[in-house]
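K.L.:
What follows is a single structure, and I will ask about it in a moment.
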Amino acid sequence: IFLSMEKRFPISEENVRVNFSWTDSFPGNRSAFLSLITDKISSYSTVYEKGAILFNLATAFANLGAAVDRNQPDGVKYACAHFQHASGVFNLTKELMERHPTQVKTIDMDPVYLETLSVAMLGQAQECFYEKAIADKMKDSTLTKLASQIADFYGRAYTLIQTPKLYNFPRAVELGAHFELRRRLFMAGAHYRFSAALKAQIKYGEQVAHLRIASGLLSDQKNKPFLKLVSPEFQEKFTVNDTQLQQILAIAAKDNDKIYYQPVPANAPVDLPRHQMVHSKVPEKLGSIDGSDPFAKIVPFDVQVAVGRYKERKDGLHRVLTDLIEEHNNMAKGSLTSMGLPGSLLAHESSTWPEDVSKKIRSLQDHGGVDTLLKSFAEINEKQNTCRQMCENALKSLDMEEADDQRQRELCGSSWKRTPSHMLTEKMREEGAKYRGNLEHSTKSDAFVKRQFTENEKMLFQLSGSQEMVDKLLPPPKKMLTNMPIMDTLRNLLQKLDQIIAERLKMRAQLNENPDVTEAFVHATKSFDELIAERLKPYEDIKIELEKNTAIQEDLLNQISNANNEYTTFLRSQNMEADNERAVVCQTVNVALMVYLELVGNLSEGKRFYNELHVLVDGFQRKCNDFCVARAIERDSLLKDIMENQQRQQQQQQQQQQQYQAPPPSYSTTATHAPAPSPSPYGNYPPPQGHAPPPQGGYYQGAPPASAPGGWR
Numbered sequence: 004i005f006l007s008m009e010k011r012f013p014i015s016e017e018n019v020r021v022n023f024s025w026t027d028s029f030p031g032n033r034s035a036f037l038s039l040i041t042d043k044i045s046s047y048s049t050v051y052e053k054g055a056i057l058f059n060l061a062t063a064f065a066n067l068g069a070a071v072d073r074n075q076p077d078g079v080k081y082a083c084a085h086f087q088h089a090s091g092v093f094n095l096t097k098e099l100m101e102r103h104p105t106q107v108k109t110i111d112m113d114p115v116y117l118e119t120l121s122v123a124m125l126g127q128a129q130e131c132f133y134e135k136a137i138a139d140k141m142k143d144s145t146l147t148k149l150a151s152q153i154a155d156f157y158g159r160a161y162t163l164i165q166t167p168k169l170y171n172f173p174r175a176v177e178l179g180a181h182f183e184l185r186r187r188l189f190m191a192g193a194h195y196r197f198s199a200a201l202k203a204q205i206k207y208g209e210q211v212a213h214l215r216i217a218s219g220l221l222s223d224q225k226n227k228p229f230l231k232l233v234s235p236e237f238q239e240k241f242t243v244n245d246t247q248l249q250q251i252l253a254i255a256a257k258d259n260d261k262i263y264y265q266p267v268p269a270n271a272p273v274d275l276p277r278h279q280m281v282h283s284k285v286p287e288k289l290g291s292i293d294g295s296d297p298f299a300k301i302v303p304f305d306v307q308v309a310v311g312r313y314k315e316r317k318d319g320l321h322r323v324l325t326d327l328i329e330e331h332n333n334m335a336k337g338s339l340t341s342m343g344l345p346g347s348l349l350a351h352e353s354s355t356w357p358e359d360v361s362k363k364i365r366s367l368q369d370h371g372g373v374d375t376l377l378k379s380f381a382e383i384n385e386k387q388n389t390c391r392q393m394c395e396n397a398l399k400s401l402d403m404e405e406a407d408d409q410r411q412r413e414l415c416g417s418s419w420k421r422t423p424s425h426m427l428t429e430k431m432r433e434e435g436a437k438y439r440g441n442l443e444h445s446t447k448s449d450a451f452v453k454r455q456f457t458e459n460e461k462m463l464f465q466l467s468g469s470q471e472m473v474d475k476l477l478p479p480p481k482k483m484l485t486n487m488p489i490m491d492t493l494r495n496l497l498q499k500l501d502q503i504i505a506e507r508l509k510m511r512a513q514l515n516e517n518p519d520v521t522e523a524f525v526h527a528t529k530s531f532d533e534l535i536a537e538r539l540k541p542y543e544d545i546k547i548e549l550e551k552n553t554a555i556q557e558d559l560l561n562q563i564s565n566a567n568n569e570y571t572t573f574l575r576s577q578n579m580e581a582d583n584e585r586a587v588v589c590q591t592v593n594v595a596l597m598v599y600l601e602l603v604g605n606l607s608e609g610k611r612f613y614n615e616l617h618v619l620v621d622g623f624q625r626k627c628n629d630f631c632v633a634r635a636i637e638r639d640s641l642l643k644d645i646m647e648n649q650q651r652q653q654q655q656q657q658q659q660q661q662q663y664q665a666p667p668p669s670y671s672t673t674a675t676h677a678p679a680p681s682p683s684p685y686g687n688y689p690p691p692q693g694h695a696p697p698p699q700g701g702y703y704q705g706a707p708p709a710s711a712p713g714g715w716r
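If you're matching positions, the sequence shown starts at 4 in the numbering used here and goes up one per residue.
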């Protein structure tokens, strides 16, 4: 929910004022950027909120890892996974804070501290592998590598937390002591395991040298101030390991001195081989919206503008490329028609329909023939009428509301003080005019498609009939030609041209695809200009492919023209040019089949267009209706106020008239006058009252901003 909200609402102190508050995990520490010592820090920033959420999530993974029972079969495995996830999320938080340094308001959100925690979690995860290796009784050489890597992780964590801006805090000093003691403990363990491997190799002198290093790491006097800062349980564990190592060292040294007499190296290698088994991992679903998005329908204004720019450029490319495709399709069709192809070729190939023509006829019939076209025409006509009626009704409602507003303004005069309708409906009327223009343009396109169907309607009806009806269309040949090289050449060229046209039809289908790109812009990780260029690239690629396609077609048409001239010359030499009836039928059928494919594509595009337009016009109509309803409620309320005001004025006038018409008061000569009131220091006016203080907090125009609940931090 937060990720979706962050994308759609401009939360800041200047825009949508949502104040996020969290508690510092270093209680009582001074904020990095504030002058007061405080535990709770607030910010009008989604970055700060996201960082705090990630911090708590990493803490939750760390707690899960610590709570797992490692004595269970899969306990070590689950604990290791949790610690790696904790490391990954701490590292993710660090990267977020590095990108937004102004949001580092507390020491626990400092990138160095977050990196320290990430490395420490890797040390915890590596410990799980070490425990598993001990339980599985692996070789001492393997245990040496695992323990040495653990010590390296804690050593890095100790180095990081010694950064001056961190080490001034008591909590950081405690953590540093813990990291250093664990480094020494596991480094001593690594040397102990390494010495055991040396003992197995009968290298007793080197064994003693590494045991001395191990014992020295634990018995060093530098450990004492660190041990005071850790828990009693850890102190006891550390002391027990120190005692045991001293005993093991004493026995090994005694055996070497009295039995083996091997020299003990003075400078044994301190660095041991390591093997890292763990890495920082981020949970798979982190950063993705799981389940339904409650803000899915809310689109930020800047996204709307960017999507509008994208659609404007896309529509421009769509128009240009679609017109080019139609132009080159018509050019190919016109060139073939002028050459009488493929009719003149089909007329002399066989006594029945050629195989490729038969396939096209069967395809037409499989698609439903003319019935499919008629249903599509009816569906498009119905949707067009519905869209037009909705658009006109919406605009009519605006006209009626404006007329009503003007009538009330004339009746009420200066009392009618609300904004005139024409000033509020300008944008809606522009939108309605745009839809009217779309409908007018689509009506012309529909008329062209309908005319194209009408011109070929008779032949299409015949081709949609039975096979017997289709066969009767073809007159018998006067003379057959077979195995003629020029016919094979011409046929192959025509097939290549069909492929070129089919490729353009695929391009047009791709151009007609209209995926919703709003979500892509809402969740964009790059600039809108880059995203627009990326989304328009497929159209640019189609433009390049179309240029190559048309160049190939131009070359093919030249080859077809030359081959057809040769073919026509051959027919004349054989006195066969008189068989025009069969050629005309073949040509007419072939043209009708091509028109059918175009009609199917155009009608499919038309249905898609009207479906999309219906959604837009429906939303426009609802917007207009909502506006009119709101204006009607406002009108009734204003009329009520005007009438009540008029009634109050009439009552005041009546009261004044009654006062003027009342009889004069009677005076008695015996009446006593009341004593005059004592003069007031304020004259005849009531004493002045003090002014009420202005509201505190600066929220003169609304409630104070909401605060997010505190968290673990």
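Each residue gets a CB set at the ideal place from its N, CA and C atoms; glycine is no exception.
1) Tell me whether Q624 is buried or exposed, calling it buried when 16 or more other Cβ atoms sit within 10 Å of its Cβ.
2) Around the C-beta of F524, are 16 or more other C-beta atoms found within 10 angstroms, so that it is buried, or is it exposed?
3) Buried or exposed: A113, going by 16 or more other Cβ atoms within 10 Å of its Cβ?
4) In whole angstroms, what separates the C-alpha of Q129 from that of I535?
5) Could you please give the first and the last residue of the uninterrupted beta strand (DSSP E) stretch that includes V373?
6) V115 and A180 look like a contact to me (Cβ under 8 Å); what is the Cβ gap, rounded to whole Å?
7) Mapping DSSP to helix, strand and coil, what is N517?
8) Can you tell me whether N459 is helix, strand or coil according to DSSP?
9) Just mark E533 as buried or exposed, buried being the case when its beta carbon has 16 or more other beta carbons within 10 Å.
10) Could you pull the start and end residues of the beta strand (DSSP E) that S46 belongs to?
11) Give every residue of the same chain whose Cβ lies closer than 7 Å to the Cβ of A160, excluding the five residues on either side of it in the sequence, and list them in chain order.
12) Does the pairing of the stretch 585-597 with the stretch 433-453 give three or more beta-carbon distances under 8 Å?
13) Quick one, which of E239, V211, T145, D139 has its alpha-carbon nearest A269's?
14) Since F229 and L184 should fall inside the 8 Å C-beta cutoff, what is the C-beta to C-beta distance between them, to a whole number of angstroms?
15) Of all the alpha helix (DSSP H) runs that stay within the bounds of the stretch 526-585, which reach a length of 4 or more residues?
16) Whose C-alpha, out of C390, N459, E382, is nearest the C-alpha of L1?
17) Between which two residues does the beta strand (DSSP E) carrying V21 extend?
18) Where does the unbroken alpha helix (DSSP H) through P104 begin, and where does it stop?
19) Go through the stretch 204-272 residue by residue and report every complete run of the alpha helix (DSSP H) that reaches 4 residues or more, in order.
20) According to DSSP, is L476 helix, strand or coil?
21) Nearest-angstrom Cα distance between T109 and S283?
22) Whole angstroms are fine: how far does the CA of G372 sit from the CA of K475?
23) What are the start and end residues of the alpha helix (DSSP H) that includes R159?
24) Can you tell me which of Y207, Q654, Q165, M393 puts its alpha carbon nearest to the alpha carbon of N259?
25) Mapping the DSSP letters down to three states, classify F304 as helix, strand or coil.
26) Would you report the Cα separation of G686 and Q655, rounded to the nearest angstrom?
27) Tell me whether the stretch 549-566 and the stretch 433-447 touch, counting them as touching only if at least three CB pairs, one residue from each stretch, are closer than 8 Å.
28) Would DSSP call N333 helix, strand or coil?
29) Measure how close the beta-carbons of L376 and L606 come, nearest whole angstrom, since I'm counting them as under 8 Å.
30) What is the DSSP secondary structure of P76, counted as helix, strand or coil?
31) Does the separation of the CB atoms of F132 and L146 fall below 8 Å?
32) Which word fits H194, buried or exposed, when buried means at least 16 other C-beta atoms lie within 10 angstroms of its C-beta?
33) How far does the alpha helix (DSSP H) with M487 in it extend, from its first residue to its last?
34) Nearest-angstrom Cα distance between S366 and D374?
35) Going by C-alpha to C-alpha distance, which of I328, T49, G468 sits closest to A505?
36) Where does Q279 sit, in a helix, a strand or coil, going by DSSP?
P.N.:
Per the coordinate set shown:
1) By 1-based counting over the sequence shown, the position of residue 624 is 621. Around the CB of Q624, 16 or more other CB atoms lie within 10 Å, so the residue is classed as buried.
2) By one-based count along the sequence shown, residue 524 stands at place 521. Per the 10 Å Cβ criterion, buried.
3) Here the question's residue 113 lines up with position 110 in the sequence shown. At residue 113 the sequence reads Asp, which differs from the Ala that was named. With at least 16 other beta carbons inside 10 angstroms of its own, D113 counts as buried.
4) For the purposes of this step, residue 129 is taken as the residue at position 126 of the sequence shown. For the purposes of this step, residue 535 is taken as the residue at position 532 of the sequence shown. Rounded to the nearest angstrom, the two C-alpha atoms are 46 Å apart.
5) Working through the sequence shown from its first residue, we reach residue 373 at position 370. The continuous stretches of beta strand (DSSP E) do not include V373, which lies in the alpha helix (DSSP H) extending over residues 372-415.
6) Position 112 of the sequence shown, counting from 1, holds the residue named residue 115. Position 177 of the sequence shown, counting from 1, holds the residue named residue 180. A Cβ-Cβ separation of about 18 Å leaves V115 out of contact with A180 under the 8 Å criterion.
7) For the purposes of this step, residue 517 is taken as residue 514 along the sequence shown, with counting starting at 1. Under the three-state reduction of DSSP output, N517 falls in the coil class, being neither helix nor strand.
8) Against the sequence shown, residue 459 aligns to sequence position 456. The DSSP-derived three-state label of N459 is coil.
9) Here residue 533 refers to the residue found at position 530 of the sequence shown. Burial call: exposed.
10) Numbered from 1 along the sequence shown, position 43 holds the residue referred to as residue 46. For S46, the uninterrupted beta strand (DSSP E) run begins and ends at 43-46, by DSSP.
11) In the sequence shown, residue 160 corresponds to position 157, counting from 1. The answer, listed in chain order, is T119, V122, A123, G126, F182.
12) Result no; under three Cβ-Cβ pairs closer than 8 Å.
13) Along the sequence shown, read from residue 1 onward, the residue named residue 269 stands at position 266. Closest by alpha carbon: V211.
14) For the purposes of this step, residue 229 is identified with residue 226 of the sequence shown, where counting begins at 1. For the purposes of this step, residue 184 is identified with residue 181 of the sequence shown, where counting begins at 1. About 5 Å; that satisfies the 8 Å criterion.
15) Listed in chain order, they are 531-576.
16) In the structure as shown, the chain starts at 4 and stops at 716, and residue 1 therefore has no counterpart that could be examined.
17) In the sequence shown, residue 21 corresponds to position 18, counting from 1. Following the DSSP letters along the chain, one finds V21 inside the beta strand (DSSP E) bounded by residues 21-26.
18) Within the sequence shown, numbered from 1, the residue matching residue 104 stands at position 101. P104: not part of any alpha helix (DSSP H); DSSP gives it neither H nor E.
19) Within the stretch 204-272, the complete alpha helix (DSSP H) runs of at least 4 residues are 207-222, 226-230, 235-258.
20) By one-based count along the sequence shown, residue 476 stands at place 473. Three-state result, L476: coil.
21) Stepping through the sequence shown from its first residue, residue 109 is reached at position 106. Stepping through the sequence shown from its first residue, residue 283 is reached at position 280. A straight line joining the alpha-carbon of T109 with that of S283 spans about 24 Å.
22) For the purposes of this step, residue 475 is taken as the residue at position 472 of the sequence shown. For the purposes of this step, residue 372 is taken as the residue at position 369 of the sequence shown. For K475 and G372, the gap between their C-alpha atoms comes out near 18 Å.
23) Taking the sequence shown and counting its residues from 1, one reaches residue 159 at position 156. Unbroken alpha helix (DSSP H) run through R159: 143-164.
24) Taking the first residue of the sequence shown as 1, we reach residue 259 at position 256. The shortest C-alpha separation from N259 is found at Y207.
25) The residue you call residue 304 lines up with position 301 of the sequence shown. The answer is helix: DSSP assigns F304 an H, G or I state.
26) For the purposes of this step, residue 686 is identified with residue 683 of the sequence shown, where counting begins at 1. For the purposes of this step, residue 655 is identified with residue 652 of the sequence shown, where counting begins at 1. Reliability fails at G686, whose pLDDT of 32 lies under 50, so the model's placement of it is uncertain and no value is given.
27) Taking 8 Å as the limit for Cβ pairs, the verdict is that the stretch 433-447 does not touch the stretch 549-566.
28) Translated into the one-based positions of the sequence shown, residue 333 becomes position 330. Helix at N333.
29) Looking up residue 376 in the sequence shown gives position 373. Looking up residue 606 in the sequence shown gives position 603. So it is a contact: roughly 7 Å between Cβ atoms.
30) Within the sequence shown, the letter at position 73 stands for residue 76. If DSSP states are grouped into helix, strand and coil, P76 belongs with coil.
31) Start at 1 with the first residue of the sequence shown, and residue 132 comes out as number 129. Start at 1 with the first residue of the sequence shown, and residue 146 comes out as number 143. Cβ distance not < 8 Å, so F132 and L146 don't count as in contact.
32) For the purposes of this step, residue 194 is taken as the residue at position 191 of the sequence shown. By the 10 Å Cβ count, H194 comes out buried.
33) As a position in the sequence shown, residue 487 is number 484, starting the count at 1. For M487, no alpha helix (DSSP H) segment is defined, and its DSSP state is neither H nor E.
34) Along the sequence shown, read from residue 1 onward, the residue named residue 366 stands at position 363. Along the sequence shown, read from residue 1 onward, the residue named residue 374 stands at position 371. If I take the Cα positions, the gap works out to 14 Å.
35) Residue 505 sits at position 502 when you count from the first residue of the sequence shown. Nearest option by C-alpha distance: I328.
36) Here residue 279 corresponds to residue number 276 of the sequence shown, with the count starting at 1. Here Q279 carries a coil assignment [DSSP, helix/strand/coil].
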